[in-house]
Amino acid sequence: MILILSGISFIELTGYLAGLLAAVALSPQLIKSWKKKSTKDISLLWTFIYLAALALWFAYGLGIGSYPLTVFVAIEMLMTLALIGLKLKYK
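So for the sequence shown, my numbering puts the first residue at 1285; every next one is plus one.
What follows is the structure, given as structure tokens:
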């Protein structure tokens, strides 16, 4: 049985929650890197691989018409780009 809350299914709500958590997961690292002005422990290769994976998830989300997936992956991509920017700035 699927629980319906204000027209949103439990599964859809789970998707939004997962997306929100994934989107804000980089926030602590971004804040720490910005405050300390150091990104020496962050792999630039990892960030580019992660960004490529997010781009594929974004394309997949568009392809299947998943609003939660595309919105939150887009936010996560922006945060990853910000992390790359900090990595290059503090190199």
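Glycine included, each C-beta is placed from N, C-alpha and C at the ideal position.
Residue i to residue j, Cα distance in whole Å?
{"i": "methionine 1363", "j": "glycine 1347", "result": "22 Å"}
{"i": "methionine 1336", "j": "glycine 1291", "result": "Rather than methionine, the amino acid found at residue 1336 in this sequence is alanine. Straight-line Cα distance between these residues: approximately 34 Å."}
{"i": "glycine 1345", "j": "leucine 1353", "result": "5 Å"}
{"i": "proline 1312", "j": "leucine 1367", "result": "11 Å"}
{"i": "alanine 1302", "j": "lysine 1375", "result": "32 Å"}
{"i": "tyrosine 1334", "j": "lysine 1320", "result": "23 Å"}
{"i": "phenylalanine 1294", "j": "alanine 1339", "result": "26 Å"}
{"i": "leucine 1297", "j": "lysine 1324", "result": "37 Å"}
{"i": "serine 1350", "j": "leucine 1365", "result": "22 Å"}
{"i": "alanine 1307", "j": "lysine 1373", "result": "22 Å"}
Our contact map puts residue i next to residue j with C-beta atoms below 8 Å; I'd like the distance itself, whole angstroms only.
{"i": "alanine 1358", "j": "phenylalanine 1332", "result": "Actually they are not in contact, since the Cβ atoms of alanine 1358 and phenylalanine 1332 sit about 18 Å apart, beyond 8 Å."}
{"i": "serine 1327", "j": "leucine 1370", "result": "Actually they are not in contact, since the Cβ atoms of serine 1327 and leucine 1370 sit about 13 Å apart, beyond 8 Å."}
Let's see if you can read the secondary structure: which residues bound the alpha helix (DSSP H) around residue i?
{"i": "alanine 1336", "result": "1328-1348"}
{"i": "leucine 1372", "result": "1351-1373"}
{"i": "leucine 1314", "result": "1311-1320"}
Looking at residue j and residue i, is the spacing between their C-beta atoms short of 8 Å?
{"i": "glutamate 1360", "j": "leucine 1310", "result": "yes"}
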